[in-house]
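Positions in the sequence shown are counted from 1; adding 57 to them yields the working numbering. Don't be surprised by glycine CBs; every beta carbon is placed ideally from N, CA and C. As the structure is a computational prediction, the values presented were derived from the model and not from experiment. Quick notes on the structure that follows.
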Amino acid sequence: MMKKKSLCASRASLVLFLCQMISSLDVPLDSKLLEELSQPPTITQQSPKDYIVDPRENIVIQCEAKGKPPPSFSWTRNGTHFDIDKDAQVTMKPNSGTLVINIMNGGKAEAYEGVYQCTARNERGAAISNNIVIRPSRSPLWTKEKLEPNHVREGDSLVLHCRPPVGLPPPIIFWMDNAFQRLPQSERVSQGLNGDLYFSNVQPEDTREDYICYARFNHTQTIQQKQPISVKVFSMDSLNDTIAANLSDTDIYGAKPVTERQPVLLTPTGSTSTKVELRGNVLLLECIAAGLPTPVIRWIKEGGELPANRTFFENFKKTLKITDVSEADSGNYKCIARNTLGSAHHVISVTVKAAPYWITAPRNLVLSPGEHGNLICRANGNPKPDISWLANGVPIAIAPEDPSRKVDGDTIIFSHVQERSSAVYQCNASNEYGYLLANAFVNVLAEPPRILTPANKLYQVIADSPALLDCAYFGSPKPEIEWFKGVKGSILRGNEYVFHDNGTLEIPVAQKDSTGTYTCVARNELGKTQNEVQLEVKDPTMIIKQPEYKVIQRYGQVSFECIIKHDSTLSPTVIWLKDNDELPDDERFLVGKDNLTIMNVTDKDDGTYTCIVNTTLDSVSASAVLTVVARPNPPFDLELTGQLERSIELSWIPGDENNSPITSFVIEYEDGLHEPGVWHYQTEVPGTQTTVQLKLSPYVNYSFRVIAVNEIGRSQPSEPSEQYLTKSASPDENPSNVQGIGSEPDNLVITWESLKGFQSNGPGLQYKVSWRQKDVDDEWTSVIVANVSKYIVSGTPTFVPYEIKVQALNDLGYAPEPSVVIGHSGEDLPMVAPGNVQVFVINSTLAKVHWDPVPLKTVRGHLQGYKVYYWKVQSLSRRSRRHVEKKILTFRGNKTVGMLPGLEPYSSYKLNVRVVNGKGEGPASPDKLFRTPEGVPGSPSFLKITNPTLDSLTLEWGSPTHPNGVLTSYILKFQPINNTHELGPLVEIRIPANESSLILKNLNYSTRYKFYFNAQTSVGSGNQITEEAVTIMDEAGILRPAVGAGKVQPLYPRIRNVTTAAAETYANISWEYEGPDHANFYVEYGVAGSKEDWKKEIVNGSRSFFVLKGLTPGTTYKVRVGAEGLSGFRSSEDVFETGPAMASRQVDIATQGWFIGLMCAVALLILILLIVCFIRRNKGGKYPVKEKEDAHADPEIQPMKEDDGTFGEYSDAEDHKPLKKGSRTPSDRTVKKEDSDDSLVDYGEGVNGQFNEDGSFIGQYSGKKEKEPAEGNESSEAPSPVNAMNSFV
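Structure (structure tokens):
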């Protein structure tokens, strides 16, 4: 709703508005406006009214003001003009009214005491400061006085007076000793507000000579010390000793012992006193009492309560402190001192007075010519203050008259003001406790409208939230404000907008269509101006997937999601909090783009997690609770009560359930007598139950423990309870699972499950074993055994029933009579075979067999069933015999018929039947021969298409592996396939069964054909195999390749017949490939049954074999072969197993290749040496290696020469280096060291450069590196062959 008001409707509202505007001219109005508008002076900073200065430092009296034009300053001192130009010690700061009085260069602070007032003046008026009273601080010394020692009787009260010198301001008092340690204070000894030290009663430990009062003057930072005061306390015992020493035995002596006294107030004195305090100050009331025992102080307010939140007790409740007092705190305050002997009280009448305080301080007025306004100055105080007005620092009564001004008590009324009416008015409110002075100017301005909001300011808001568009303005008279949307839009009106008095346009619910340009227009009678601002409305930020409540087990992992949607032009930041605080600094907390993950969750992670999304315009958040659950803590404090022979009560205290309710408690027991350390299940009770009545067995040393169970799992067991041993008794039960089964045809083996230790009920556990033949009138035969669970009865008939019972007994008696069970003596093999065995053939793979049952008496044991043995004798379609493999079918129970599945068609079979009991099989029935009829054949073993021509293809095939009868023919079907993979007409050919190949003629050239091939018997057709092939193109097309011309390339490449030959650590893989030439193969392999990825090896070239190396011995591998570049083209998988790891074998070194090679090399070197020796003996002299090198241009190894039997030189790349200049062979045919790069001399072999010529050859052969040539020429004589041998070796 528009909040527009006319100027004439309320002049006061306009004045208030303009006053608010002008009072904020400093900020936020811009500097240009401030520079252009005239303004009367305003005091902005001044010193306090009561200004105590340090007499050792310069005095600075502050006075700062602002105005337009800038004001000038002047001062008065003690009511008269203070001419600062005549005092060299006084200066005024530039562009300021602040005075600096130079004390540190010879001035005295006392000379400048007085009352100062500052005036700031310009052409629009004058403002004045408060009266500033300057007083230098004082810290006088203590007056000299003679202090007598204080002799006090134990229990009496004492006051040590401080009486500090009067200072300005008053000093702070404290008591210390000679060691500058504060004296301890208590309810008995304390310091009063006046600085005196009060003792409610003295004790012997109060004796000392260094009670020192210190006065600290903060202003001058000095401390004054009073002379030490001595206190000596006389105890009654020492006083009696002194009296006794000075009196005769006949005198009566003995001072009174320390007597207790009721309280007496030391301060204040009397029963009543008064106290006046000013409003807003701190009220301090004090009561200190003497007495023995030490009195306790209590405070009350008569007729009322002590004010809450403002009342404090200090100095051991001896001081009542009330802060920020007001008139309502006036009244009577009573302090009560009490001990065991009585009480004393004092009433303090408090009156709260008030220095003047503002109710309404005058505020600046900015008016337009002809307008009206008021200055109001209202103050209160106790007593009520007087109000007086000044104009430009002069009492208004003697100030220049202004017809537009009228004074009415605390109000000045202005009407029809003009620009000359501008002035600064002062309001003074004073009473006997102080005064208030306030400056308020009246500034009459005539200014056209100005808009202070920056042009084209951009505002961004979130949709469905308020938008506030500023239009800060100034003008005099007050301008009217109008808003438009768009450059040429109409004026904005209506309920969807709110127009504020400060010019702001509010759109309560901004929508996306609110985006645009808005124009603010300000106009008054002096002019008009406008400004444009921009509004952008953004999509709100939303959390589209909030974090959800999570329950997680301890040490688990949990993740909270926080997926957001936001305006594309905003950049959100996501912050996660835990319990409204930052996340712990822990690496377990991982903050992702849209989630928070906590690793290895602990109990401390329990709490509320909040996802906060912030943008520059909005903020959204969502929270979720994390509950960390775990198995419960173990119960504790197990207690046994109500001990009886057969029962006991167990109670316990549950442990922490760890956020998952306990559902049950499991009670376990330990038998420390029979099975120590073994815990057994006893019972289980609900989780709400903490006591249970337990049944006990005799002769058991019980210990119990409790395990708590919740949804997470079971707790650790509790600590065991105390032990409880029950009394012995006869057994309560007999052994279980009693059986009688013979192991031989003539015995009966009786077995049972022995009683456990706690079931024995007492010592001496034994078993009474009884048996008799069933249905025979025999007596029971019994034996008593111990520590066994089996008894064998010998000499029994074969397989007859027996009645058996086993009874427990111990030293205290027998268990109850046991129940009787039926057992049988041992079985023997059946005596006869089933008869009348008949076979009925149902079809080519199924037959039915029938037999007559054997008499039960001949079974001689428990009849378990019949076994049918059957085997294939031969196939009727093939005469070759093979290994006979018998198959067995077992038919349980007393069956006399069975089915034989999985037979092979057109075959001869034999079978026999045997009866089976627990001992084994009986004799076989006579073999029964039967035959299966013919069936449909299997698919042909292969189909190959070869020898393609322009119009023919040759087909070759193999007969079915399983003909299942007599083949009658083969059926061949084929049809062409065009380029769009559509099938043509199907052609069918019947081929005699004795054929194995066929040439198809009259086919279309360059045509793809699909072939279907199957075999037939008299029963029908078998499964077919398919193949595809293409006839070749004519001579105008692609020529027939020269290689492989007789083989038809299959339509789709294939790899088949993958075979493996494996050793311990390697396998040779081979395969057959049919398809385009130049295929690049790869082999993939891995451990059979493993989920690991296949390992891949690339085959070099187009070979059809590869060796896999580095395999693990004794491991089963899977392998397959594929071709590169053909997706999904690979062979079927093959499986092979590497050989087992073999134990290391002793190797004959003489058979090893490396040893034989080494020996050959040694023999060769010896042969070379012998040849060298032979040459030197025959030819004599020496020759350089260089000449030999020159003689052989070929650097490779040369063959042996036929003429002299020498070898050619050996060289490598390193040997082809040019000789240095001047390295020619000397005339004596000796070789210098630098000429022979590879002599034995260079390699440290031989002596003094021997073997220069042939030694270089040896050096090269032995792989020695070429060395740097040495300077100088060296030569030596050739050694003998023996020395050469020794030197080499």
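Would you mind giving the Cβ-Cβ distance between residue i and residue j, rounded to the nearest angstrom? I have them listed as a contact below 8 Å.
i	j	result
V1178	F1138	6 Å
I109	Y169	Not quite, the Cβ-Cβ distance comes to about 13 Å (not below 8 Å), so this is no contact.
A183	V481	6 Å
P958	T989	12 Å between Cβ atoms; not a contact.
W908	Y966	Their Cβ separation, rounded to whole angstroms, is 16 Å, which puts W908 and Y966 out of contact at 8 Å.
M233	I286	Not confirmed; about 12 Å, so no contact.
L701	F761	Rounded, the Cβ-Cβ distance is 15 Å, inconsistent with contact.
Determine the DSSP secondary structure at residue i, reduced to helix, strand or coil.
i	result
K813	coil
W928	strand
I393	strand
F1231	helix
M233	strand
G1265	In this prediction, G1265 has a pLDDT of 36, which is less than 50 and means its spatial position is unreliable; what the coordinates show is noted afterwards. Correct three-state label for G1265: coil.
F139	coil
I357	strand
R1353	An answer regarding residue 1353 cannot be provided, because it is not within the stretch 58 to 1346 covered by the chain.
V1352	Here the chain covers residues 58 to 1346 and nothing more, so residue 1352 does not appear.
P261	helix
K914	helix
W1211	helix
V686	strand
E476	helix
Y169	helix
Can you tell me whether residue i is buried or exposed, with buried defined as 16 or more other CB within 10 angstroms of its CB?
i	result
L342	buried
T783	buried
R1357	Here the chain comprises residues numbered 58 to 1346, so residue 1357 is not present and cannot be evaluated.
R550	exposed
K595	buried
L515	exposed
E317	exposed
C344	buried
T155	buried
V763	buried
E504	buried
S660	The sequence shown places Asp at residue 660, not Ser. Burial call: exposed.
W1128	buried
I705	buried
Y606	exposed
So which of the options has the shortest CA-CA distance to residue i?
i	options	result
T329	I764, I393 and Y482	I393
G1015	T1037, T989, N1035 and A1050	A1050
P1017	I1232, F897, E476 and R935	R935
T598	R917, C619, E205 and D263	C619
I444	K410, G491, K332 and M233	G491
K358	T351, L349 and T368	T368
V826	S817, V850 and P820	V850
K289	E262, A272 and N188	E262
Next item on the list: Decide if the region 367-379 is in contact with the region 441-450; the criterion is three or more beta carbon pairs, one per stretch, under 8 Å apart.
Entry: no
Note to self: If contact is defined by three or more beta carbon pairs under 8 Å, each pair taking one atom from either stretch, is the region 519-530 in contact with the region 566-585?
What the structure shows: yes
Check: Three or more beta-carbon pairs under 8 Å between the region 419-434 and the region 468-480, yes or no?
Finding: yes
Item checked: Meets three-Cβ-pair contact criterion under 8 Å: the region 150-166 and the region 201-219 -> no
Margin query: Does the region 660-667 come into contact with the region 747-760, if we say contact requires no fewer than three beta-carbon pairs (one atom in each stretch) closer than 8 Å?
Written below: no
Notebook entry, point to check: Do the region 119-137 and the region 533-549 make contact, defined as three or more Cβ pairs closer than 8 Å?
Noted result: no
Notebook entry, point to check: Is there contact between the region 803-815 and the region 835-855, where contact requires at least three CB pairs shorter than 8 Å?
Noted result: yes
Check: Would the region 852-863 and the region 772-788 be scored as touching if the rule is three or more Cβ pairs under 8 Å?
Finding: no
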